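Here is the structure we will look at.
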Amino acid sequence: MFHRIGLVFLFLAGWALPAAAQPSTGLPARPALSGVRLYVIDCGTIISNQPENFGLTKDEAGNTNFADPCFLVMHPKGILLFDTGLPDAHVGRPIYENMMGREGILKFTTLTGELADIGVTPAMITDLAISHSHWDHVGNANLFAGSTWLARKAEYDFMFGPAANKQALPNYSALEHAPHIKFITGDYDVFGDGSVVLLSTPGHSPGHQSLYVKLAHTGGVVISGDLYHYSAERRLNRVPPREQGGQTPASRARIEAFLTSHHAQLWIGHAIDWYAKAVKSPGWYD
Ligand SMILES: [Zn+2]
Numbered sequence: 004m005f006h007r008i009g010l011v012f013l014f015l016a017g018w019a020l021p022a023a024a025q026p027s028t029g030l031p032a033r034p035a036l037s038g039v040r041l042y043v044i045d046c047g048t049i050i051s052n053q054p055e056n057f058g059l060t061k062d063e064a065g066n067t068n069f070a071d072p073c074f075l076v077m078h079p080k081g082i083l084l085f086d087t088g089l090p091d092a093h094v095g096r097p098i099y100e101n102m103m104g105r106e107g108i109l110k111f112t113t114l115t116g117e118l119a120d121i122g123v124t125p126a127m128i129t130d131l132a133i134s135h136s137h138w139d140h141v142g143n144a145n146l147f148a149g150s151t152w153l154a155r156k157a158e159y160d161f162m163f164g165p166a167a168n169k170q171a172l173p174n175y176s177a178l179e180h181a182p183h184i185k186f187i188t189g190d191y192d193v194f195g196d197g198s199v200v201l202l203s204t205p206g207h208s209p210g211h212q213s214l215y216v217k218l219a220h221t222g223g224v225v226i227s228g229d230l231y232h233y234s235a236e237r238r239l240n241r242v243p244p245r246e247q248g249g250q251t252p253a254s255r256a257r258i259e260a261f262l263t264s265h266h267a268q269l270w271i272g273h274a275i276d277w278y279a280k281a282v283k284s285p286g287w288y289d
């Protein structure tokens, strides 16, 4: 809401705005909310066939490809985008341009288009958070550099230090000196009422986090980020070999306890079997 009021003021004052900051008049109106809505947005698909990297055989993993959703939380006090998916620039490009190492990127819709379908422009996103900074979660991050970025120092240092993925860095480089960076620690209550909470789950990356959303009808949901990739990892209690000596096992144990105490369900975003059944945007959960 702040942005809308601000934009109206600037418009009346005759300020020139960059085109990206102007809500399109062709968009449907943003709904008036009394509660929290959660949208699951198609942000692409990753063609992958290396389940051994996650401690699984092909038979155990099932479909080895990955969904790659973004999540939008509409709250009466603001709009949070959690993850920005695969880069919009991959839409309509041949597969040989859409490779990241041994993995292929399938992308049929843009995040900006998906947001437009529900009446949201990037300028209306009050808060940005990423589960972590790997390439499949930050593909469109630059579009949201004007939002308040709820960042963790360990991830920030990882993103802009020598270990940064040079191929992905251009997609999030605008965050390095973003005007509204808010460094958070521990579990962070985004809108101050306990309904939307970023949960610290380090291990997959130094500042990895998951997202808890409390919904009136659906109940509690924890969006895992890459705490898990395949449903079989959780079912069979497998940890990716490269994460076995790190913080992932403790973070997983913590989330399992949280799920129990909050009567919440876990959504594994990359899991094709979960994603196939999820209600996708422009539908929503409330
Ligand atoms: Zn991922």
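In terms of my numbering, the sequence shown opens at residue 4 and continues consecutively.
Using N, Cα and C, we set each Cβ at its ideal position, and we do this for glycine too.
As the structure is a computational prediction, the values presented were derived from the model and not from experiment.
8 Å CB neighbourhood of residue i in its chain, flanking five on each side removed
i, result
"Ser-56", "Looking at the sequence itself, residue 56 is Asn, so the reference to Ser does not match. The residues are Pro-243, Pro-244 and Arg-245."
"Gly-104", "none"
"Met-102", "Ile-108"
"Gly-228", "Asp-86, Ser-134, His-135, His-140, Thr-204, His-207, His-211, Gln-212, Ser-213, Leu-214 and Gly-272"
"Thr-28", "Confidence is the limiting factor: at Thr-28 the pLDDT is only 48, short of 50, which leaves the residue's position unreliable, though a coordinate-based value still follows. The answer is none, since no qualifying residue turns up."
"Ile-82", "Leu-75, Val-76, Val-123, Met-127, Ile-128, Thr-129 and Asp-130"
Closer than 6 Å: residue i CB and nearest ligand 1 heavy atom
i, result
"His-45", "The amino acid at residue 45 is misidentified as His; the sequence shows Asp. Result no, Cβ not under 6 Å from ligand 1."
"His-325", "This structure cannot speak to residue 325, because the chain is shown only from 4 to 289."
"Asp-306", "In the structure as shown, the chain begins at 4 and stops at 289. Residue 306 is therefore absent and cannot be evaluated."
"His-93", "no"
"His-137", "yes"
With 16 other Cβ atoms within 10 Å as the buried cut-off, status of residue i
i, result
"Asn-143", "buried"
"Thr-188", "exposed"
"Ile-98", "exposed"
"Pro-173", "exposed"
"Gly-17", "At Gly-17 the pLDDT is 32, less than 50, meaning the model places this residue with poor confidence and gives no usable figure here."
"Ser-37", "exposed"
"Phe-111", "exposed"
"His-220", "exposed"
"Ser-264", "exposed"
"Ala-274", "buried"
"Arg-155", "buried"
"Pro-285", "exposed"
Neighbourhood of residue i by C-beta, 6 Å cutoff - its chain only, sequence neighbours within 5 removed
i, result
"Tyr-191", "Leu-201"
"Thr-151", "Asp-130, His-183 and Lys-185"
Cβ-Cβ separation, residue j to residue i (assumed contact under 8 Å), whole Å
i, j, result
"Phe-74", "Leu-214", "7 Å"
"Leu-109", "Gly-88", "The pair is not a contact, with the Cβ atoms about 12 Å apart (cut-off 8 Å)."
"Ala-267", "Gly-223", "3 Å"
"Val-216", "Val-199", "6 Å"
Sequence-distant residues of the same chain with beta carbon closer than 7 Å to residue i, five excluded per side
i, result
"Phe-163", "Glu-179"
"Pro-31", "Gly-122"
"Trp-277", "Ser-234, Trp-270 and Ile-271"
"Pro-90", "Gly-142, Asn-143 and Asn-174"
"Ser-254", "Thr-204, Pro-205, Gly-206 and Leu-230"
"Leu-84", "Cys-73, Leu-75, Ile-128, Leu-131 and Phe-147"
"Leu-218", "Val-39, Leu-41, Val-224, Tyr-288 and Asp-289"
Any chain C beta carbon closer than 7 Å to residue i
i, result
"Ala-64", "Given the protein chain composition of this structure (a single chain), no chain C is represented."
> Fully enclosed by the region 57-120, which alpha helix (DSSP H) runs are 4 residues long or longer?
Replying inline: Segments of the alpha helix (DSSP H) lying fully in the region 57-120: 61-64 and 114-120.
>> To test your reading of the DSSP string, which unbroken beta strand (DSSP E) runs of 3 or more residues are found completely within the region 215-250?
In response: As for any beta strand (DSSP E) of minimum length 3 sitting wholly inside the region 215-250, the runs are 222-226, ordered along the chain.
>> As an exercise, report each continuous beta strand (DSSP E) stretch of at least 3 residues that is fully enclosed by the region 182-212, in chain order.
In response: Restricted to the region 182-212, the beta strand (DSSP E) segments that are unbroken, complete and at least 3 residues in length are 184-186 and 199-203, listed in chain order.
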